[in-house]
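Here is the structure we will look at, set down as structure tokens.
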Amino acid sequence: MSNRLTKVGVVFGGMSREHSVSIKSAATVINALRDGENKQKFEVISIYIDRKGIWWSSDISERVLQEGSNFLNDQIPNTSSLKGLTKLLDETAKIDVWFPVLHGPNGEDGTIQGLFKLTGKPFVGSGVLGSALGMDKLAMKAAFAKEQLPQVTYCKAYARDLLNKENLSYLIHQIESELGYPCFIKPANLGSSVGISKAYNQTELITGLTLASKLDQRMVIEKSIKARELECAVLGKKNIAASCVGEVFCKTDWYNYDSKYSGNSAEIIIPAPIEGHIAKKVRDLSLLACNAISAEGIARVDFFYEENKDSLLINEINTLPGFTSKSMYPMLWAASGINLSQLVARLIESAKE
Ligand SMILES: Nc1ncnc2c1ncn2[C@@H]1O[C@H](COP(=O)(O)OP(=O)(O)O)[C@@H](O)[C@H]1O
Ligand SMILES: [Mg+2]
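In my numbering, the protein residues as written are 53 to 405.
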């Protein structure tokens, strides 16, 4: 009985813009679960969610991992009988632990975590609350503020503020007096820099607000700061630990969607060339930040470091960070002495804690 393999349901793909990143992340996770000693511990059941939200069982999911998802459109009819929850329920009986390798809305925001909870099986990563708070920049900032954690000065806005001239001019006045230019306008719930813009004047501010308001009812506007970008990985529940610190050097003005995914415009440096007391503070703040929003299991905490002021500000928490072979999260743990196979095994153990 004790030798029985733990059946791990790895769910990947999903209806978000980060669909193809998720496929790459899942391939990394699954290869590591099927590697070395892990072969004797885990059996992977791969479950792919396509861009339309249809769930596929392992035969198709394995092909997607090998070949990408293009073949699906040509060869397999998208019949409604293959859709969603019925498929999930078929798979659930077999699974001991869920491992979501999804990014963005529906995957990282508490939605699927709620579903996992209803199946009664443990899952890797934050629960409904931590995931939802980690996804929503406004709620996350409010939670950080409550714990007096350092962050960038910001204002909040709602899409409805743009519908009424009086409200809009009040909002603009508030942003100009509290933040000034340049400022960043962000939809509260997206990620991967989607819908984010940097405004240098009032015209650009209104354009940025209009863009963000089409993507989300809730928005954050932040004072733009000149800072280095540091990141720290967090692992575990009861025994929660923070990794060494990495730095992202971005060759563009800021870390936008293209620089995140087009290959050469950003460089990762591990460990970050910073002083020991700063690295320690990053690790300490990472744990406090996770605590503030109830993030656990797996998380990457991102910071702004204003070197001239020696000041650290928490930017955000990602509760399901990228997990490709070139992603910061597994690289930070590798540099902290936990290789990929050990890391995925620890993540599954943490789900069962
Ligand atoms: N207040 C800010 N000051 C300077 N740069 C910023 C600020 N906010 C965001 N950025 C830049 O934009 C990038 C994306 O912003 P972020 O809030 O991390 O969004 P996402 O959740 O989409 O990753 C950051 O990595 C950074 O390069
Ligand atoms: Mg970010």
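Think of the CB as a built atom: it goes at the ideal place given N, C-alpha and C, for glycine as much as any other residue.
Source: prediction; values computed, not measured.
query: Under the criterion of a Cβ to heavy atom distance below 8 Å, does aspartate 188 qualify as lining ligand 2?; result: no
query: Got a sec: does ligand 2 put a non-hydrogen atom nearer than 8 Å to the Cβ of glycine 243?; result: yes
query: Can you list, in chain order, the stretches of the beta strand (DSSP E) that have 3 or more residues and sit fully within the stretch 245-280?; result: 249-251 and 270-275
query: Do you know how far the Cα of alanine 331 is from the Cα of alanine 386?; result: 17 Å
query: Please determine whether the Cβ atom of phenylalanine 196 lies at a distance below 8 Å from any heavy atom of ligand 1.; result: no
query: Rounding to the nearest angstrom, what Cα-Cα distance links histidine 155 and isoleucine 237 in this structure?; result: 21 Å
query: Taking C-alpha atoms, which residue in Asn343, Val286, Asn391 and Ser245 lies nearest to arginine 352?; result: Val286
query: Relative to ligand 2, what is the chain-ordered list of residues with a Cβ closer than 6 Å to any of its non-hydrogen atoms?; result: Asp354 and Glu368
query: Go through its chain and collect everything with a Cβ distance to methionine 192's Cβ below 8 Å, but skip five positions before and after it.; result: Leu185, Gly186, Ile345, Glu368 and Ile369
query: Check for me: the beta strand (DSSP E) holding phenylalanine 236 runs from which residue to which?; result: 235-239
query: Checking 9 Å against the spacing of the C-beta atoms, do asparagine 158 and glycine 66 come in under that value?; result: yes
query: Within this structure, are the beta carbons of leucine 282 and alanine 324 separated by less than 9 Å?; result: yes
query: What are the partner residues of aspartate 354, as DSSP defines its beta bridges?; result: Glu283 and Glu368
query: Taking isoleucine 97 and isoleucine 147 to be in contact with their CB atoms under 8 Å, please state how far apart those CB atoms are, rounded to whole angstroms.; result: 6 Å
query: Out of Glu299, Gly120, Phe356 and Ala347, state which residue places its alpha-carbon closest to the alpha-carbon of isoleucine 292.; result: Ala347
query: Would you say arginine 270 and alanine 195 are within 9 Å of each other, going by their C-beta atoms?; result: no
query: Opposite threonine 58 in the DSSP bridges: which residues?; result: Phe94
query: Looking at C-beta atoms only, is the number of pairs between the stretch 397-404 and the stretch 100-113 that lie closer than 8 Å three or more?; result: no
query: For glutamate 230, does the count of other Cβ atoms within 10 angstroms reach 16, so buried, or fall short, so exposed?; result: exposed
query: Examine ligand 1 and report whether any of its heavy atoms sits within less than 8 Å of the Cβ of isoleucine 277.; result: yes
query: Check for me: the alpha helix (DSSP H) holding isoleucine 224 runs from which residue to which?; result: 217-230
query: CB of glutamate 274 to nearest heavy atom of ligand 1: below 8 Å?; result: yes
query: What does the alpha-carbon distance come out to for the pair methionine 53 and glutamine 118?; result: Per-residue confidence for methionine 53 stands at a pLDDT of 43, beneath the threshold of 50, marking its modelled position as unreliable; the derived number appears in the next sentence. The straight-line gap from Cα to Cα measures roughly 33 Å.
query: Here's the rule I'm using: 16 or more other beta-carbon atoms within 10 Å means buried, otherwise exposed. How should tyrosine 206 be labelled?; result: buried
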